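Counting with my numbering, you get residues 2 to 1255 for the letters of the sequence shown. The C-beta atom is built at its ideal place from N, Cα and C for all residues, glycine as well. Everything numeric in this text was worked out from a predicted model, so none of it was measured.
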Amino acid sequence: MNNLFSNAFNLSQYLSGKVDPRTGQFHFSINLLSYLGNTLNGPIIDLVISYNSLSQSNQGYGKGWLINLPYYDSANKKIYLSSGQAYQIESQRSSSESQLKYCKLKAFKVDTSNDKKIKILQKDGTTEQLNQDGFLEKITAPDGRELIITYQTPTRKGLIQTISDGSDRALSVSYNNSKVVFTGADNRKIELFLTRSELRRIQWPDGTSSSIEYDTINSCRVIKRITHPTGKTEVLNYYRNKLKIPNGGPIRAIPAVQSHRLYGAGIEDVIKQYDYSVNNFLGYKAGARFKANLDNLYERQHDYRYTSTERDNQRKIVKTYNKFHLLVDEEVFDLDSNKRIAKRAFDYYADVNTIFSDQPDQYQLLKKMDLTFYNASGGSRVETNEWEYDIYGNLLSETDAYGVTTRYSYYHPAGEENCPASPSGLPFLQKNKAKSPSSRYASGDEQCLVENYTYRSHPSLIEGKTYPVLATRTLSNELGSTPVSSWDTTYFNTPSQAHQHGKVKQATESVANNQTVTSYTYTLLDAELQTHQTTALKNDLSFSESWYESLMTGEKTKEVDSFGVVNRYEYDAQGRVVKEVIAEGTTFEQTKDSTYTTSPQNTLEVVSTSGSNLKYKYDVLGREIEKYQTDTKGALSLIEKRSYDLASRLSSLTIVNTDKDEEVIETTTEYTYDLWDEVKQITQPSGLKLCIENDKVANKTKEYRQNTSGNRSYQIETYYNELGKATTVKIYSPAGELYSDAEKKYDGLGLLVEEKDVNGITITYRYDNAGRVITENRAGNVLRVEKSYDRDSLESWLTQIKVNNQTIGTRSYDGMGRLLTETKFNQEPTTYRYDTLSEKPSEVTLPNGKKVTYELESILNEVKAIKPSDVSQATQYTYYATTSLVHQIINPSVELTIEYFPNGLVKAETRGEYRCHYEYSRQNNLLKVTDFFGNEETHEYDAYGRENKVTNNTANESIEISYDGFDRVEKEVVSNTAGQIIEHAYYYDDYDRLQQKISIMAGIQQCNQSFEYYKDNKLKKKTTIDFQRNTTTEEYQYNELNRLSFMKAQGPLSPKYINEKTIKQQVFEYNPLGDITNVSTEFIDGENTETDIVTYQYGDENTAQLITINHSHSSIESIENLQYDANGNLTCDLEGRIYIYNALNQLTVVEDQADTSLSEYQYDGVGQQISQSVPNQAAIDLFYSGSQLINEKQGDIHSQYLRSGSSLTTRYTKQNDNVQRTQLITDFKGSVIGEISGNEKQLLRYSAYGLEKH
């Protein structure tokens, strides 16, 4: 049946290696070995054999198996291309060029002027030359590099013997009656085992194998079953008489796939089913008899339609094709309701009502695609994409669904200014690329860039020949304008050193007045090619990198970074990394060994010298099903399990954890999907569901949560544009009432140009030609932010920020984008010096002239010493050699030593004589911490993975945490062995904001807080009922820039003013920077209401520095001459206290006006305050767990805290064996507002900006 022909076989999906619904055929391909010749310069051949059940040919790899090399069948005058397409040679286009039947596009040429040796010429000038028997014998690239294909003896024509570049490195093939062996240049082998001239088994380089079984249907040998090394099996069932051949054909019908099933151990069967119309791609019932080597449909004058139907477990897809076998409609149906949900309509250059000879050359190319979405109520929405092509298949324009159009132009093939002639005589060298904004959304301010390209001739390795290479690429605002940036490339012209001839020698990028020059050298080693790259930047900065690639495979074997650090890689026969050596030959060398297995389980195990190892298990489809990780004991423990649905989408994720008794706890999150393969529902371990409804017609999503009782949360409805960017966000109450909405607008290029928040306040944006924001206007022109960028770069390196025309900061950069100088307002600059290529500075000079130097560990790119000008503050860092983790941080004040578990979690922190250590679950949840004073705290978690109990074993107290149906904290109960101490109950509004918190002790309400909010979640009103059941209310208002503008308070807990009088209300005014300029305060003085208007004045030079505070009320003293040092630190405060800082800008001493020390401070090596000393008192020492304060110590007294999440619930102070407890009450922000210690109770008052008053 080699004469059975349809041009449908030349269309892309037939070549995909899957079932082709157009033809009903299962096309299976086997990727064999690749050969990259000429010291990795090419050409490259990727050998693939593909099965065609309609072919009787045997090219040596089994009947029906065709290799992807060009071939000419002289008997039938049929040429097979490397793409898999096949055409009948019909006539001569010219004296040397052949006309191919049904191929009009001038994308390549077939030269048959030499009857014995046909040449196929690609657009770029690559030539494939066939020998006199019609088999590929040579591939010649435009640069003159060649690959030579030799064959077995003349009696075994077409059987490849070697593929080489003329060197001793070759891909070879050997044959016998039962086996074909492909051997790569690196000695990797793939073996094909044949039985009765049929390919039955493939053995891969790692020794695993795949097997193939066949069946005979209507004289055709079809693939029935494929078994893969992973354990996956594919089974195909066929229709016998579905696809009928017109009268006169060699058989009545060809087999067509009815179902394709995937199965294997541990997975559900994945089945796809197919059906076909009576009309088919062979032209059945088209009104003509079968003709050999002709496409019956192409010969028709009028159109002909045929369809295919594909079904999976969710969808039915119906595809309709025209007489040219082009997909014209694709309709998607919900399988359950059989309702159409989407349709793609395709429009081509072809005119189906015109004979083939009158078709345009681009007849098979797509011009337009309409994607229509449908809903159940009959609504629809259309997205349109459009394309234009020339007769050579070059893309001329494309317009996306948003409406952005990109246009392309090409140089004339004969050559023109800035471009030599095309080596093929076909145009393919791009001249420019220009983008135009969408007319639907254009604002008129879009800056559309044009890319222009020029080319130059470069000598080929074939004497006397040249080929075009890219010379320049420029980016401009419009054609002919001054370039925004440009790139110029030069190449090696060294025919005697072929390994580098034609490779890039130097690439120069120019932006404004800056040039970045990247130079390359190439060194040919015994088995590797070394590429050395040097980049020269502005400020005389340069750096170098190298990498090494195997000459056999092209795989990267080694790389040397700009610090000189070497990483090395090794691969197995399948090309997978099996060893990775990091920082080879250094103190910090680490090795990772990877092992792959397929039997009895598909696994990958990664063993690291750091001790932190990984292991993955995969199912037969290659999907991760289990993950193992080193735990704190050094054992490899299961931490995750995954399962998948029939569409290979994640359906469940199980987290495997352990509790304090090392019992295994599993929590599972489940996922379901809609017909668009987007997540529809996520069910948390607690049963709480996150629901996402996708409405493709309205182009919106609706998200809400639903608890196990069926109650819903508020809903977020988001509308999108055609680019998938949010345009409107609406929030609805659980009852479905609109609560708030916000909007975003985009320009014709899809850049955000305006957003309106829930209060109707707008921010508008403008951009430069690199797409960077240059202005932001907030609330009209109330606040205008202007941004400038480094003119020598297209990166977002800010050089200046102005607010309402006032400069608030400047920066400058080196060529790597590292800060060189930085100023804030008008103070002296901070300068940065770099002695290495690290992004971390070697020296920082502060505005006051003091310097801080940094010594770097170049291998890790980490700081190993900080040396300020005041050497007493020097800090040293050391690192573990095996893991590169921080080991010690030492400064004159403290020495901190950190120990780790094998998995990298912190095991202990030691500070002098004090030590804090930790225990963790398998999922790295904290189970136990023993603080610096030996106090033990344990953490427990419920069956859903939520923390539900924290116990202080020293105080014998615990806090139990319970949750509501939406996984929010509902109640916290602090208790000890004697019973409950205090309970905090939480209530939420419809939008998950804390609405009320009630704190009860011994059955008596201690504090009742309630909160109201604005739509933007800012606090509107706070009501507090205190210990005596007295009520205090505070109300807040905000201005158009979302700054607090008004506060009113009433009740005994109303905040106190600076004169200890109770505040009644305050009005705030600000400057553009957000600094307060005026505050009008009404306060109660006895029976009277008094007013104080405070005016804040800022410096002339540094407008962010508060200088004077003037009070209008006669009883309150005004403040003048607040003083600052050159670094901007306050040196003299409102009460005349003097502040002294060290070279690291850390406050070290506070003195009174008589230079008497009031307080002194010390810090650790990471900048945390660790000590405060006050005259005539024992020093207060502070201890941290990471960055969280965990203990305080003064004399023989120390403290610790009990926390629920990030909120404090109890503070303990211990002196000897005596423990004193203070129960803490926090507000909606977690700030402490109440303290209860024994019979002593107090609620704290805060002013609007947090000033605490008891």
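- Beta bridge pairing from DSSP links G1235 with I1226, L1244.
- The C-alpha of S794 lies about 25 Å from the C-alpha of N862.
- In this structure, DSSP gives N1009 an extended state, which the three-state scheme calls strand.
- When secondary structure is reduced to three states using DSSP, T1078 falls in the strand class.
- For N433, the enclosing beta strand (DSSP E) has its first and last residue at 431-437.
- Nearest to S83 by alpha-carbon distance, out of I46, T837, W66, S99, is I46.
- Taking all protein chains shown into account, T952 has 16 or more neighbouring C-beta atoms within 10 Å of its C-beta and is therefore buried.
- L1252 counts as exposed, since fewer than 16 other C-beta atoms from the protein chains shown sit within 10 angstroms of its C-beta.
- Relative to S211, the option among T599, L55, V518 whose CA is nearest is T599.
- Rounded to whole angstroms, G267 and Q274 show a C-alpha spacing of 22 Å.
- According to DSSP, E937 shares a beta bridge with T931.
- The C-alpha of G816 is placed about 25 Å away from the C-alpha of G850.
- When the Cα atoms are used, R792 and F826 turn out to be separated by approximately 21 Å.
- Within the model, the alpha-carbon separation for F357 versus Q302 is close to 8 Å.
- By a beta-carbon distance limit of 8 Å, H413 does not contact L462. Their separation comes to about 26 Å.
- At the C-beta level, I1064 and F1047 stay beyond 8 Å of one another.
- Counted as a single uninterrupted DSSP element, the alpha helix (DSSP H) harbouring L41 occupies residues 38-41.
- With respect to Y72, Y81 sits close: the two C-beta atoms are nearer than 8 Å.
- Comparing alpha-carbon positions, the option among N603, S1238, E91 lying closest to N294 turns out to be E91.
- Under DSSP, the beta-bridge partners assigned to D47 are S35.
- Distance between T684 and V698, taken at the CA atoms: about 26 Å.
- Burial state of E910 is buried, judged by a 10 Å Cβ sphere holding 16 or more other Cβ atoms.
- For the stretch 531-567, the continuous beta strand (DSSP E) assignments of 3+ residues that do not extend past its boundaries occur at 542-551, 557-561, in sequence order.
- Taking C-beta separations shorter than 6 Å and ignoring five residues to either side along the sequence, the partners of F1229 in its chain run L995, F1012, following chain order.
- Using a 10 angstroms sphere on the CB of V1095, the tally of other CB atoms reaches 16 or more, which defines it as buried.
- Residue state for P155 is assigned as helix, using DSSP reduced to three classes.
- Across the structure, T1132 and T1149 are spaced so that their CA atoms are roughly 12 Å apart.
- Taking all protein chains in view, the Cβ of Q575 is surrounded by fewer than 16 other Cβ atoms within 10 Å, so the residue is classified as exposed.
- Beta-bridge partners of P469 (DSSP): S458.
- Comparing alpha-carbon positions, the option among V864, S338, V333 lying closest to T373 turns out to be V333.
- According to DSSP, residue pairing for S198 in a beta bridge does not occur.
- Residue burial annotation: V451 is buried, with at least 16 other C-beta atoms found within 10 angstroms of its C-beta.
- Ranked by Cα distance from E663, the options G586, P424, Q924, K593 are led by Q924.
- Residue state for S520 is assigned as strand, using DSSP reduced to three classes.
- Short of 8 Å from the beta carbon of R624, and not among the five residues preceding or following it, lie these beta carbons of its own chain, in chain order: R643, Y645, S649.
- The DSSP assignment places 799-804, 807-814, 820-825 as complete runs of the beta strand (DSSP E) inside the stretch 790-828, in order along the chain (cut-off: 3 residues).
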